[in-house]
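Take a look at the structure set out below.
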Amino acid sequence: MSVRKDSSSRDGPPFGRILVANRGEIAVRVIRACRELGIESVAVYSDADASALHVRMADRSERIGPPSPAESYLSIPALIDAARRSGAEAVHPGYGFLSENAAFARAVEEAGIVFIGPPAATLAALGDKLEARRSAVAAGVPVVPGLLVPLEDPAAVDLSEVGFPAMLKAAAGGGGRGMRRVDRAEDVAAALETARREAISAFGDGTVYVERLVSPARHVEVQLLGDRHGTLVCLGERDCSVQRRNQKLVEETPSPAVTPALREALFDSARRVAGTVDFHNAATVEFLVDAGGSHYFLEMNTRLQVEHGVTELVTGIDMVAWQIRVAAGIRLPRAVTEPEPRGHAIEVRLYAEDPYDGFRPVSGRVGAWRMPDGPGVRVDAGVEADTDLPPQYDPLLAKLIVHAADRDAAVARLRRALDETLIGGVQTDLGFHRWLVDQPEFASGHYDTGLIGSRWGDGAALEDAAAGIAAAAAMAARRSSLPGAMPGLLVESTDSGWGRLARREAIR
Amino acid sequence: MSVRKDSSSRDGPPFGRILVANRGEIAVRVIRACRELGIESVAVYSDADASALHVRMADRSERIGPPSPAESYLSIPALIDAARRSGAEAVHPGYGFLSENAAFARAVEEAGIVFIGPPAATLAALGDKLEARRSAVAAGVPVVPGLLVPLEDPAAVDLSEVGFPAMLKAAAGGGGRGMRRVDRAEDVAAALETARREAISAFGDGTVYVERLVSPARHVEVQLLGDRHGTLVCLGERDCSVQRRNQKLVEETPSPAVTPALREALFDSARRVAGTVDFHNAATVEFLVDAGGSHYFLEMNTRLQVEHGVTELVTGIDMVAWQIRVAAGIRLPRAVTEPEPRGHAIEVRLYAEDPYDGFRPVSGRVGAWRMPDGPGVRVDAGVEADTDLPPQYDPLLAKLIVHAADRDAAVARLRRALDETLIGGVQTDLGFHRWLVDQPEFASGHYDTGLIGSRWGDGAALEDAAAGIAAAAAMAARRSSLPGAMPGLLVESTDSGWGRLARREAIR
Amino acid sequence: MRGFEARIGGVPVEPAVASHFEWIDRARGIARLRTAEGDLELVVEGRGPSEWLVTVAGRRIAVSIQTWRERMLAEAEGSARAHAGPVEIRATLPGLVVAVGAEAGSEVSEGQPLITIEAMKMQNEVRAPRDGTVTEVLVEPGQTVATGTPLLRVG
Amino acid sequence: MRGFEARIGGVPVEPAVASHFEWIDRARGIARLRTAEGDLELVVEGRGPSEWLVTVAGRRIAVSIQTWRERMLAEAEGSARAHAGPVEIRATLPGLVVAVGAEAGSEVSEGQPLITIEAMKMQNEVRAPRDGTVTEVLVEPGQTVATGTPLLRVG
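Residue numbers (my numbering), protein chains in the order written: chain A, 8 to 515; chain B, 8 to 515; chain C, 22 to 176; chain D, 22 to 176.
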């Protein structure tokens, strides 16, 4: 591994060229960081992505294979080849795909290239969630009550101590995959079967363990950043309690549920967990917080998270730039180690999925694409207008992030930004976010991981007002296509006066 | 005037409905602030703007007349009528147009509507730049050496004390209009004639005075915010030295030319000038700073400035929201009166004008419109794709504002953002900004108001590399229109390999 | 309205009163509609002359705009389809077939899981829409399917 | 290149070596060009088959792409125009006419200010392009003119 910098000097770029081993918005994010640091970026693409935004934004690009992720973005040989061909000095894995794959980190290191992440050994240790649970216990950090060994034969284990409802979890898991809720002892065997199959398919490892289901709970995580010189900083916490199928949909910082005392306790636990491994990168320690304010360690990820942007807005620290710098051996300066958080930030994830049908992912082609801008609005997008969405990949389109002086102002800003957003071509979760921002639980900050299940379901039935508007628009559109149609006045003018404005009420 | 709030409470919106008496990006900015505050916004439009972005973004809209500004955006009766018709409780004038017009402020007040700005009497006092100069002198603030009375008969005045080169300035002036540089005493009479004509045309008042030309000079201004309870806060300074025809093109904060001692002196002078008038609003006190670090008062504006966004990014304070709140009588809280500036912000103005031809304004129709986004980038735009630019109005299209931890990072971010920007349909000043960001004077922060004149001129002649790229693209485009053209490979493939990347070098 | 009727999910819908409709970006379907409650920006996408997808406040709504004649024709066709024999089950989401629990000749009952499709993150069961006999299985484990791919037929 | 020649400002230009060209947004002219130095995104707008406006790094460049035949025709036409009698002076920017310093019959010399146009912020002088006699004045003070509006003719 060639470490080019050993000081905090910022003269010259930390690397000459970086391969970005990912796609979509996170590849765009890393490419932007490279450009700002004066580093050449090399995008990789499968055949489904030859004209994708991340490829067009990078300085160079390398084809890595057919659309199937296993043969492209998950193919270690293809990526190592691309890194070698392009002469990259470092590889940024983004999140997902191979970002936490110890074999990939090792292959990169062995190719004499810097892996922008922790040592392979750290990934191997953390990749086993069960092993991480045991380490946390040894470090004196509370974990969710449950097994510290794999669940093999349910009949041979007394699960009454764990209690029901319980969660089955894949030891190699992450991102909500390989998880199953079980409400009764007699359902364990069947659920274990499904969880194992999902775990084998997703991670190639069917090891599953069991924890008590903490409910109601908030999902709160602590952002860490460490350098190669032993410096470790907590950049605040994030609340990620708005989830569907155990995956995050909305994140904010600071967490409305975290008191100063709890924050201290969370930071202390996060530092203890981080102390069990060797890392020099961005990392996140995830916790559940129960109704009584007790926190339980869930897992630690030593990579960038989707939701890093809210932390960047509140701390003013460019986490991707620092990830790259610390990988080059640069020391974290005081401006980073003594962060001064300001205001409140909220992120909503815009997914191509149908919130009116179980948040089912959809593919297709994005047509209209109008993102909000103006004060306090940041959009990290992986697509633009007229973009095909290959069915093989994660349906995240963009992250809409707002920042304002306090939480009320941030919620108001988010509502404004969502109002400005228009997406066509595919169903998205935009309608869910518009609903969410008006819910009293969200406005007050009193929500938990059960919010979507208990309050949204599949969304309300289509309201008459929205149906009437859709019908009027479609009819006008059809009439506008008729021969001899006039532009402008395409529907009968039965009322051209302006009533008292009730547009939002009418269509929310 | 109905003041609805007399406390710093933020329960409920400060007004129910606001008329935004402007167009373009600043109208959009104010409409966004209204939406976030829960206030209904009413846009106004001339016939040239019926489908303009600001009209589409507002909750309601009112037609105010034909395209001619005199009959629409400058028509006091039309605007007062619109405010009355719409039931607005307050009027936000934006900048330009009637924002500093005492008669307009008085008419709004007399209609029982709140003018979001200072009392009419303050506008009358400050509108006369000569009167403002005399007040500043009385308050012990240094002014540029020159006359404190109008220049009427040049033959009757000894201008040798002022010195040459000198500047003729309209007493009613602003925005660079009614200004003429004079290098020799014998040129004064002719220049006075032109300056008077421009002043009469622009302001209806031909009073002109003369000041020494300070050169080299930096244009530095101090942002103030005051409430109705006597609170006055300095929100930092802005450097606006990148100018063409005495109008700002790029602004940044903090100013690279301002030392802590100079900042103290500027703030002190700004407070003294502000103390000469009654105001409760955003206001700016403008200074020239000479090579020796001495500062000279130029003028005070009690309105929002185009460049307020850089101050918002660095302080985290939403100036438009606070303008509206203080107009409703709300007291500035400590979060505003004790600002904690963070990082560095730079704004570039994207104008429809030809920097290769004296920054000549152009009209037409914007076609392609791709703005940058991602971390630390804010775009305040008045147009979107496929927008007509009426020739009657200011050609400002959008403001591109970046924020980063320090000036070097902000410059790098600005370069990245400009790289991402694409505008079609009209010539813009984008090429100038791309040039600027690579100039050593700008990179080091050592530039003054003479930069464009001495270093840009009309820009470099078209380089062979750019000409070759334009020719290749046009030829490929023509071939793509031929019958039987294949998508994709539309130019002959003479070299599909990727050389060492030199894209920026090739086309800058 | 010139003989057109609007239907959503087969149910007639009364269009909202609107005084003005204009395209902002016709190619991509961005449009502005003025109703009594104010102006709205929507995405309106055509799928043939009578089928439209309108996105209102983030929700994509399929609207049929048909003349009387078009409606009669469509209803006749739909009725013919409903009486046809076997039911074809198609994928409702793109993904990977990970398990097939039936073969040609299997007797199945309504609600019985037949095929498991793994979408990006989840195992999803495809169930029998009614009692019957599987007449044909059209996919096998390991195969990638797109939305609409026929999976099997039940007689 | 299939008989096309590129010219900028009348001067032949050698096109850069490029291996790939594709439209990103054809309606608005956003295109991607792959050159030996990397990929570039440009705006390419057609004004008839042979006239193109290409925006490279913010600079809008007028490029003629003509066949030999088109070039010959254009040159013949241009030559005919150059020899025609009076010169028509047109506004090069939109604005308000604030002063007219010549009338039909005035003898003017090259460079002499004839008309003042106020654009948004500035007084701009329109000057005589050559010595001659003003044959016609087509605007008057107070009139608004668009780019290209004929202002006066010099014989």
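Built from N, CA and C at the ideal position, the CB exists for glycine as well.
Original post:
Just checking, does the segment 218–231 of chain B make contact with the segment 263–275 of chain B on the three C-beta pairs under 8 Å criterion?
Top reply: At 8 Å Cβ cutoff, the stretches touch.
Original post:
In terms of residues, what are the limits of the beta strand (DSSP E) holding residue 171 of chain A?
Top reply: Position 164 of the first sequence, counted from the first residue, corresponds to residue 171 of chain A. No beta strand (DSSP E) holds residue 171 of chain A; DSSP gives it neither H nor E.
**OP:** Confirm, please, whether the CB-CB distance from residue 174 of chain D to residue 109 of chain D is below 7 Å.
**Re:** By one-based count along the fourth sequence, residue 109 of chain D stands at place 88. By one-based count along the fourth sequence, residue 174 of chain D stands at place 153. In this structure, residue 174 of chain D lies closer than 7 Å to residue 109 of chain D by Cβ.
**OP:** Specify, as a first and last residue, the run of the beta strand (DSSP E) that residue 465 of chain A falls within.
**Re:** For the purposes of this step, residue 465 of chain A is taken as the residue at position 458 of the first sequence. If you look at residue 465 of chain A, you'll find it isn't in any beta strand (DSSP E); DSSP assigns it neither H nor E.
Original post:
Sorted by chain position, which residues of the same chain lie with C-beta nearer than 7 Å to residue 146 of chain D's C-beta, five sequence neighbours on each side aside?
Top reply: For this step, residue 146 of chain D is matched to residue 125 along the fourth sequence. Within the same chain, residue 146 of chain D has close Cβ partners 134 and 137.
Original post:
In chain order, what residues of the same chain have a beta carbon less than 7 Å from the beta carbon of residue 512 of chain A, not counting five sequence neighbours either side?
Top reply: Residue mapping note: residue 512 of chain A aligns to position 505 of the first sequence, counting from 1. With a pLDDT of only 40 at residue 512 of chain A, under 50, the local geometry of the prediction cannot be trusted, and the value read off the model is given with reservation. The answer is none, since no qualifying residue turns up.
Original post:
Whose C-alpha, out of A:24, A:72, A:79 and A:40, is nearest the C-alpha of residue 120 of chain A?
Top reply: The residue labelled residue 120 of chain A in the question sits at position 113 within the first sequence. Closest option to residue 120 of chain A, judged by alpha-carbon separation, among A:24, A:72, A:79 and A:40: A:24.
Original post:
Got a sec: is the Cβ-Cβ distance from residue 39 of chain C to anything in chain A below 7 Å?
Top reply: Mapped onto the third sequence, residue 39 of chain C falls at position 18. Residue-level contact check: residue 39 of chain C touches chain A, since one or more beta carbons of chain A fall below 7 Å from its beta carbon.
Subject >> Through-space distance from residue 121 of chain D to residue 161 of chain D, alpha-carbon basis >> reply: As a position in the fourth sequence, residue 161 of chain D is number 140, starting the count at 1. As a position in the fourth sequence, residue 121 of chain D is number 100, starting the count at 1. C-alpha separation (whole angstroms): 7 Å.
**OP:** Examine the Cβ distances between the segment 417–428 of chain B and the segment 366–384 of chain B and report whether three or more of them are shorter than 8 Å.
**Re:** At 8 Å Cβ cutoff, the stretches touch.
Original post:
Can you give the beta carbon distance from residue 139 of chain A to residue 127 of chain A, rounded, assuming they're within the 8 Å contact cut?
Top reply: Counted from its first residue, the first sequence places residue 139 of chain A at position 132. Counted from its first residue, the first sequence places residue 127 of chain A at position 120. Between residue 127 of chain A and residue 139 of chain A the Cβ distance is about 16 Å, and since that is not below 8 Å, they are no contact.
Original post:
Does the beta-carbon distance from residue 217 of chain B to residue 158 of chain B come in below 7 Å?
Top reply: Reading the second sequence from its first residue, position 210 is the one you call residue 217 of chain B. Reading the second sequence from its first residue, position 151 is the one you call residue 158 of chain B. In this structure, residue 158 of chain B lies closer than 7 Å to residue 217 of chain B by Cβ.
Original post:
Within 7 Å (strictly less), CB to CB, does residue 26 of chain B reach chain A?
Top reply: Within the second sequence, the letter at position 19 stands for residue 26 of chain B. Answer no: the Cβ-Cβ gap between residue 26 of chain B and chain A never drops below 7 Å.
Subject >> Rounded straight-line distance, which links the Cα of residue 234 of chain A to that of residue 336 of chain A >> reply: Translated into the one-based positions of the first sequence, residue 336 of chain A becomes position 329. Translated into the one-based positions of the first sequence, residue 234 of chain A becomes position 227. As the crow flies, the alpha-carbon of residue 336 of chain A is around 7 Å from that of residue 234 of chain A.
**OP:** Check whether the segment 391–402 of chain A touches the segment 358–368 of chain A, counting contact only when three or more Cβ pairs, one atom from each stretch, lie closer than 8 Å.
**Re:** The segment 391–402 of chain A makes contact with the segment 358–368 of chain A; the number of CB pairs closer than 8 Å reaches 3 or more.
Original post:
Expressed to the nearest angstrom, what Euclidean distance is found between the alpha-carbon atoms of residue 222 of chain B and residue 488 of chain B?
Top reply: Counted from its first residue, the second sequence places residue 222 of chain B at position 215. Counted from its first residue, the second sequence places residue 488 of chain B at position 481. The straight-line gap from Cα to Cα measures roughly 54 Å.
Subject >> Given residue 444 of chain A as reference, the closest of B:208, B:353, B:38 and B:43 once Cα atoms are compared >> reply: Mapped onto the first sequence, residue 444 of chain A falls at position 437. Of B:208, B:353, B:38 and B:43, the residue nearest in Cα terms is B:43.
Original post:
Taking only runs of the alpha helix (DSSP H) that begin and end inside the segment 71–132 of chain B, which ones reach a length of at least 4 residues, in chain order?
Top reply: DSSP runs (the alpha helix (DSSP H)) wholly in the segment 71–132 of chain B: 83–93 and 109–117.
Original post:
Residues bridged to residue 24 of chain A by DSSP?
Top reply: Counting from 1 along the first sequence, the entry for residue 24 of chain A is found at position 17. The secondary-structure analysis by DSSP pairs residue 24 of chain A across a beta bridge with A:47.
Subject >> Pick from A:167, A:134, A:147 and A:148 that is closest to residue 176 of chain A, judged by C-alpha positions >> reply: For the purposes of this step, residue 176 of chain A is taken as residue 169 along the first sequence, with counting starting at 1. Cα-wise, what sits closest to residue 176 of chain A is A:134.
Subject >> alpha helix (DSSP H) runs contained entirely in the segment 342–391 of chain B, provided each spans 4 or more residues >> reply: Runs of alpha helix (DSSP H) with 4 or more residues, each lying fully within the segment 342–391 of chain B, are absent.
Subject >> beta strand (DSSP E) segment containing residue 328 of chain B, residue limits >> reply: Position 321 of the second sequence, counted from the first residue, corresponds to residue 328 of chain B. Element bounds for residue 328 of chain B: not the beta strand (DSSP E) but the alpha helix (DSSP H), 326–334.
**OP:** State the CB to CB distance for the pair residue 413 of chain A and residue 351 of chain A, rounded to an integer number of angstroms; the pair is presumed to be in contact (CB under 8 Å).
**Re:** Start at 1 with the first residue of the first sequence, and residue 413 of chain A comes out as number 406. Start at 1 with the first residue of the first sequence, and residue 351 of chain A comes out as number 344. Indeed they touch by this definition, with Cβ atoms about 6 Å apart.
Original post:
In chain C, which residues lie with their C-beta within 9 Å of the C-beta of residue 58 of chain B?
Top reply: For the purposes of this step, residue 58 of chain B is identified with residue 51 of the second sequence, where counting begins at 1. Those are 43, 45 and 53, listed as they occur along chain C.
Original post:
Touching or not, the segment 202–213 of chain A and the segment 284–292 of chain A, by the rule of three or more beta carbon pairs under 8 Å?
Top reply: No contact exists between the segment 202–213 of chain A and the segment 284–292 of chain A.
Original post:
For a contact meaning CB atoms closer than 8 Å, what does residue 58 of chain D contact in chain A?
Top reply: By 1-based counting over the fourth sequence, the position of residue 58 of chain D is 37. The premise fails here: residue 58 of chain D is roughly 10 Å from chain A at the closest Cβ pair, so nothing lies under 8 Å.
Original post:
Where does residue 113 of chain C sit, in a helix, a strand or coil, going by DSSP?
Top reply: Counting from 1 along the third sequence, the entry for residue 113 of chain C is found at position 92. The answer is coil: DSSP assigns residue 113 of chain C none of H, G, I, E or B.
**OP:** For residue 146 of chain D, name the three-state secondary structure that DSSP assigns.
**Re:** As a position in the fourth sequence, residue 146 of chain D is number 125, starting the count at 1. Residue 146 of chain D falls in the strand class under three-state DSSP.
Subject >> Same chain, Cβ closer than 7 Å to residue 97 of chain A, neighbours up to 5 away in sequence not counted >> reply: Residue mapping note: residue 97 of chain A aligns to position 90 of the first sequence, counting from 1. Taken in chain order, the residues that qualify are 22, 25, 120, 121, 123 and 334.
Subject >> Among D:170, D:90 and D:47, nearest to residue 111 of chain D - alpha-carbon criterion >> reply: Walking along the fourth sequence from the start, residue 111 of chain D turns up at place 90. The shortest Cα separation from residue 111 of chain D among D:170, D:90 and D:47 belongs to D:170.
Subject >> Contact residues within the segment 46–72 of chain A, judged by C-beta distance below 9 Å to chain C >> reply: So the list is empty, because no residue satisfies the distance condition.
Original post:
Ordered along the chain, which non-local residues of its own chain (more than five positions away) have a Cβ less than 7 Å from that of residue 159 of chain D?
Top reply: In the fourth sequence, the residue the question calls residue 159 of chain D occupies position 138. Cβ neighbours of residue 159 of chain D beyond the five flanking positions: 171, 172 and 173.
**OP:** For residue 361 of chain A, decide whether its Cβ has a neighbour in chain B, counting only Cβ atoms nearer than 7 Å.
**Re:** Your numbering for residue 361 of chain A matches position 354 in the first sequence. Nearest CB-CB separation between residue 361 of chain A and chain B: not below the 7 Å threshold.
Subject >> Below-7 Å beta-carbon distance, residue 381 of chain B vs any chain A residue >> reply: Counted from its first residue, the second sequence places residue 381 of chain B at position 374. With 7 Å as the cut-off, residue 381 of chain B counts as an interface residue toward chain A.
Original post:
Roughly how many angstroms lie between the CA atoms of residue 92 of chain A and residue 69 of chain A, to the nearest whole one?
Top reply: Your numbering for residue 92 of chain A matches position 85 in the first sequence. Your numbering for residue 69 of chain A matches position 62 in the first sequence. Answer to the nearest angstrom: the Cα atoms are 8 Å apart.
Subject >> Exposure label - residue 260 of chain B; buried when at least 16 CB within 10 Å >> reply: As a working mapping, residue 260 of chain B is identified with position 253 in the second sequence. Buried, since its Cβ has 16 or more Cβ neighbours within 10 Å.
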